[in-house]
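Chemist:
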Amino acid sequence: MIAAKRDSKKLSREEIASFVVGATDGSWADYQLSAMLMAICIRGMDTEETAALTEAMMRSGTIADLSGVALPKTDKHSTGGVGDKVSIHLAPMVAACGVAVPMMSGRGLGHTGGTLDKLEAIPGFRVGLTLSEYRAQMEKLGIALIGQTAELAPADKKLYSLRDVTGTVESIPLITGSILSKKLAEGIDSLVLDVKFGAGAFMKEKARARELATTMVAACRRLGKPARALLTAMEQPLGRAVGNAVEIVECIECLRGRGPADVMEVTYALAENMLLLAGAAGSAAEARAKLENAIASGAALEKLRALIIAQDGDPRVIDDPAAHLPRARFQAPVIADSKAGGTWIAGVNAMDIALAALRLGAGRARAEDRIDHAVGITQLVKVGGRVEPGGTLAVVHANTEAALAGACESVAKAITFSPGPVTAAPLVDEVITGCD
Ligand code: URA
């Protein structure tokens with residue numbers, strides 16, 4: 016089988032299944048698994064093979080049984096970015112519109128933040144639900160935001176650990192199998208993907224992001240799960256806050272109708288497609304109206320409150336976040352100076368901002384690192400905005416004075432200026448629908 020893929024031959028469904036079983040039960044040695052991963056990485060897989068890989072990986076463990084949830088079940092997955100806190104307010108918005116959202120998320124690693132880390136900034140919030148707790152909460156509340164349980168898609172854990180050390184993370188069929196096997200094992204009916212491209216994204220080039228998006232939509236469709244993918248820009252961070260507790264505050268603002276325009280643009284675009292796939296709206300306009308009403312009526316905010324209570328978090332963060340979320344010891348503004356070369360914001364490099372947040376302690380460089388939930392960046396300027404010399408470009412929240420000074424300098428360097436007006440590139444570049 017390894018030699019066949021090395022020679023660009025197509026693998027059968029059975030062959031792919033035996034490779035995945037071999038990864039799960041240990042009957043293939045690590046060197047054989049690694050050789051196969053490299054052969055797939057170099058030679059690629061067609062849609063049929065990629066769907067077979069996804070299915071075999073999904074079946075390598077338990078598939079959550081959500082048959083007790085009467086509502087249509089849909090989820091969103093983002094390939095990750097800087098300041099991407101969308102899941103935390105999108106899930107309650109969609110759930111408030113009568114669609115169940117069973118969402119299993121990841122932790123942050125490297126420059127991208129993780130939804131689980133952000134949720135854990137809420138005192139007491141428990142992301143480690145068991146599968147039976149998850150099922151019970153889905154039946155009762157129609158929403159859960161939890162971590163990946165060990166029973167789901169165990170083949171991915173093994174294969175990802177080998178890909179990580181064999182230069183095979185970049186392969187589009189392998190990424191597709193990895194992401195979709197975990198999502199489809201959640202027990203969903205349909206899926207919306209947010210595939211990001213740009214400086215702060217996993218895929219820097221739009222063409223590669225597009226290829227990943229179309230491959231994932233095609234694989235889902237072959238497995239009988241309607242899916243859509245949005246290609247969204249990740250040149251500058253999403254929203255005005257980067258960190259953990261500070262991003263929770265921004266999510267609550269979104270649910271109060273005061274979210275930053277860019278965050279809400281991506282949120283509405285994703286949520287509209289979720290309602291459409293779930294059959295909860297007949298048109299994008301109808302979906303938008305329902306979602307806006309969920310915010311205006313307070314129903315979406317109440318869904319978040321119910322979710323926090325169900326997962327043992329302190330619901331007081333909703334009404335008084337400043338008093339109940341962790342707060343850093345030091346805050347300082349980053350000030351625009353007169354030598355900047357202009358007053359219009361031309362760029363806010365997402366990667367540089369992410370690295371500044373990481374150094375503050377908001378992220379982890381290695382999987383075992385501890386997160387400082389209190390630190391981060393707020394009031395970050397947006398491309399196209401204007402700041403006169405002496406004005407504020409961002410506010411840094413740090414727990415040591417040395418970290419505060421370092422981050423202020425890094426944030427200032429991440430921002431570029433123009434002497435004339437600047438228009439930001441469109442955020443939602445394309446929607447890949449396939450034909451659902
Ligand atoms: N995220 C995943 O879960 N898997 C990959 O392979 C890449 C990103």
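Heads up: the sequence shown begins at 16 in the numbering used here, then just goes up one per residue. No residue lacks a Cβ here, since even glycine has one placed at the ideal position from N, Cα and C.
Gln-394 by DSSP, collapsed to three states: which one?
Modeler: Numbered from 1 along the sequence shown, position 379 holds the residue referred to as residue 394. Residue state for Gln-394 is assigned as coil, using DSSP reduced to three classes.
Chemist: Name, in chain order, the residues that DSSP records as bridge partners for Phe-345.
Modeler: Stepping through the sequence shown from its first residue, residue 345 is reached at position 330. DSSP lists Ala-413 as partners of Phe-345.
Chemist: Would Gly-37 and Leu-48 be called neighbours here (beta carbons separated by less than 8 Å)?
Modeler: The sequence position of residue 37 within the sequence shown is 22, counting from 1. The sequence position of residue 48 within the sequence shown is 33, counting from 1. Contact: yes.
Chemist: Starting from Phe-217 and walking both ways along the beta strand (DSSP E), at which residues does that stretch end?
Modeler: If you number the sequence shown from 1, residue 217 lands on position 202. Counting along the chain, Phe-217 falls outside any beta strand (DSSP E), and DSSP gives it neither H nor E.
Chemist: Rounded to whole angstroms, what's the CA-CA distance from Asn-8 to Lys-305? Just pull it up for me.
Modeler: Examination of residue 8 is not possible in this model, given that the chain is present from 16 through 451 alone.
Chemist: Find out if the Cβ-Cβ distance for the pair Asp-204, Lys-240 is shorter than 8 Å.
Modeler: To locate residue 204, count along the sequence shown from 1; it is residue 189. To locate residue 240, count along the sequence shown from 1; it is residue 225. Going by C-beta atoms, Asp-204 is nearer than 8 Å to Lys-240.
Chemist: Quick check: Met-119 and Glu-220, are their CB atoms within less than 8 Å of each other?
Modeler: Walking along the sequence shown from the start, residue 119 turns up at place 104. Walking along the sequence shown from the start, residue 220 turns up at place 205. No. Outside cutoff.
Chemist: In angstroms with no decimal places, state the Cα-to-Cα distance between Ala-382 and Ile-17.
Modeler: Here the question's residue 382 lines up with position 367 in the sequence shown. Here the question's residue 17 lines up with position 2 in the sequence shown. The alpha-carbon atoms of Ala-382 and Ile-17 are separated by roughly 31 Å.
Chemist: Please name the residue or residues paired with Trp-359 in a DSSP beta bridge.
Modeler: If you number the sequence shown from 1, residue 359 lands on position 344. Trp-359 is bridged by DSSP to Arg-401, Ser-433.
Chemist: Could you tell me if Gln-152 is buried or exposed, where buried requires 16 or more neighbouring beta carbons within 10 angstroms of its beta carbon?
Modeler: As a working note, residue 152 is residue 137 in the sequence shown. Counting C-beta atoms within 10 angstroms of its own C-beta, Gln-152 has 16 or more neighbours from the protein chains shown and is therefore classed as buried.
Chemist: Note down the Cα distance separating Phe-432 from Val-426, rounded to an integer number of angstroms.
Modeler: Indexing the sequence shown from 1 puts residue 432 at position 417. Indexing the sequence shown from 1 puts residue 426 at position 411. Each residue's Cα considered, the two are about 13 Å apart.
Chemist: How about the segment 268 to 281 and the segment 341 to 357: do they share at least three Cβ pairs that are nearer than 8 Å?
Modeler: Segments in contact, no.
Chemist: Would you report the Cα separation of Asp-80 and Arg-150, rounded to the nearest angstrom?
Modeler: Position 65 of the sequence shown, counted from the first residue, corresponds to residue 80. Position 135 of the sequence shown, counted from the first residue, corresponds to residue 150. So the alpha carbons of these two residues sit roughly 7 Å apart.
Chemist: Nearest CA to the CA of Leu-238: which residue from Glu-70, Trp-43, Glu-424, Arg-379?
Modeler: Here the question's residue 238 lines up with position 223 in the sequence shown. For the set Glu-70, Trp-43, Glu-424, Arg-379, the Cα lying nearest the Cα of Leu-238 is the one of Glu-70.
Chemist: Given 7 Å as the limit, tell me if Ser-499 has its C-beta closer than that to any heavy atom belonging to the ligand URA.
Modeler: The question about residue 499 has no answer, for the chain in this structure spans 16 to 451.
Chemist: Hey, is Val-184 close to the ligand URA, as in C-beta under 7 Å from one of its heavy atoms?
Modeler: One-based indexing of the sequence shown puts residue 184 at position 169. Val-184 Cβ: within cutoff of the ligand URA.
Chemist: Tell me, please, which residues DSSP counts as bridged to Pro-252.
Modeler: Numbered from 1 along the sequence shown, position 237 holds the residue referred to as residue 252. BP columns for Pro-252 are empty, so no partner.
Chemist: Distance check for Met-53 and Ser-176, CA to CA, integer angstroms please.
Modeler: Here the question's residue 176 lines up with position 161 in the sequence shown. Here the question's residue 53 lines up with position 38 in the sequence shown. Approximately 13 Å, taken between the alpha carbons.
Chemist: Going by DSSP, which residues form a beta bridge with Pro-107?
Modeler: To locate residue 107, count along the sequence shown from 1; it is residue 92. In DSSP, Pro-107 forms no bridge with anything.
Chemist: Rounded to whole angstroms, what is the Cα-Cα separation between Asp-90 and Ala-244?
Modeler: By 1-based counting over the sequence shown, the position of residue 90 is 75. By 1-based counting over the sequence shown, the position of residue 244 is 229. Taking the straight line from one Cα to the other gives about 12 Å.
Chemist: Would Ile-57 be called buried (16 or more neighbouring beta carbons within 10 Å of its own) or exposed?
Modeler: Residue numbering aside, residue 57 sits at position 42 when the sequence shown is read from its first letter. Per the 10 Å Cβ criterion, exposed.
Chemist: Bridge partners of Met-118, per DSSP?
Modeler: By one-based count along the sequence shown, residue 118 stands at place 103. Looking at the DSSP assignment, Met-118 forms a beta bridge with Leu-160.
Chemist: May I ask you to verify whether the segment 60 to 68 touches the segment 101 to 116, counting CB pairs closer than 8 Å and requiring at least 3?
Modeler: no
Chemist: Could you tell me which residues DSSP pairs with Lys-197 in its beta bridges?
Modeler: Within the sequence shown, numbered from 1, the residue matching residue 197 stands at position 182. According to DSSP, which records beta bridges pairwise, Lys-197 is partnered with nothing at all.
Chemist: Give the range of the alpha helix (DSSP H) segment to which Val-332 is assigned.
Modeler: As a working note, residue 332 is residue 317 in the sequence shown. Here the alpha helix (DSSP H) through Val-332 covers 331 to 334.
Chemist: Enumerate in chain order the residues of its own chain whose CB-to-CB distance from Phe-217 is below 6 Å, with the five nearest sequence positions on each side excluded.
Modeler: To locate residue 217, count along the sequence shown from 1; it is residue 202. Taken in chain order, the residues that qualify are Thr-94, Gly-95.
Chemist: Which full runs of the alpha helix (DSSP H) of 4+ residues lie inside the segment 160 to 189, going along the chain?
Modeler: 169 to 181
Chemist: Of all the options Glu-29, Thr-130, Thr-407, Gly-129, which has the alpha carbon lying nearest to the alpha carbon of Met-72?
Modeler: Here residue 72 corresponds to residue number 57 of the sequence shown, with the count starting at 1. For the residues Glu-29, Thr-130, Thr-407, Gly-129, the minimum Cα distance to Met-72 belongs to Glu-29.
Chemist: Would you say Ala-115 reaches chain C, if we count a Cβ-Cβ gap shorter than 8 Å as a contact?
Modeler: The displayed structure is made up of one protein chain only, and chain C is not part of it.
Chemist: Can you name the start and end residues of the beta strand (DSSP E) that Leu-206 belongs to?
Modeler: For the purposes of this step, residue 206 is taken as residue 191 along the sequence shown, with counting starting at 1. Run containing Leu-206: 205 to 212, per the beta strand (DSSP E) assignment.
Chemist: According to DSSP, is Thr-438 helix, strand or coil?
Modeler: Residue 438 sits at position 423 when you count from the first residue of the sequence shown. Coil at Thr-438, not helix or strand.
Chemist: Taking the beta carbon of Val-180 as the centre, do at least 16 other beta carbons fall within 10 Å, making it buried, or is it exposed?
Modeler: Counting from one through the sequence shown, the residue named residue 180 turns up at place 165. Exposed, by the Cβ-count rule.
Chemist: Taking 7 Å as the line, does the beta carbon of Tyr-175 fall inside it for any heavy atom of the ligand URA?
Modeler: Position 160 of the sequence shown, counted from the start, is the residue given in the question as residue 175. Yes; taking the cut-off as 7 Å, the Cβ of Tyr-175 has a heavy atom of the ligand URA nearer than that.
Chemist: Please identify the residue among Pro-436, Asp-171, Leu-322 whose C-alpha is closest to the C-alpha of Leu-156.
Modeler: Counting from 1 along the sequence shown, the entry for residue 156 is found at position 141. It is Leu-322 whose Cα lies nearest to the Cα of Leu-156.
Chemist: Rounding to the nearest angstrom, what Cα-Cα distance links Val-264 and Ala-19 in this structure?
Modeler: Position 249 of the sequence shown, counted from the start, is the residue given in the question as residue 264. Position 4 of the sequence shown, counted from the start, is the residue given in the question as residue 19. So the alpha carbons of these two residues sit roughly 53 Å apart.
Chemist: Name the two residues that bound the continuous alpha helix (DSSP H) containing Thr-39.
Modeler: Taking the sequence shown and counting its residues from 1, the one referred to as residue 39 is at position 24. Start and end: 28 to 40.
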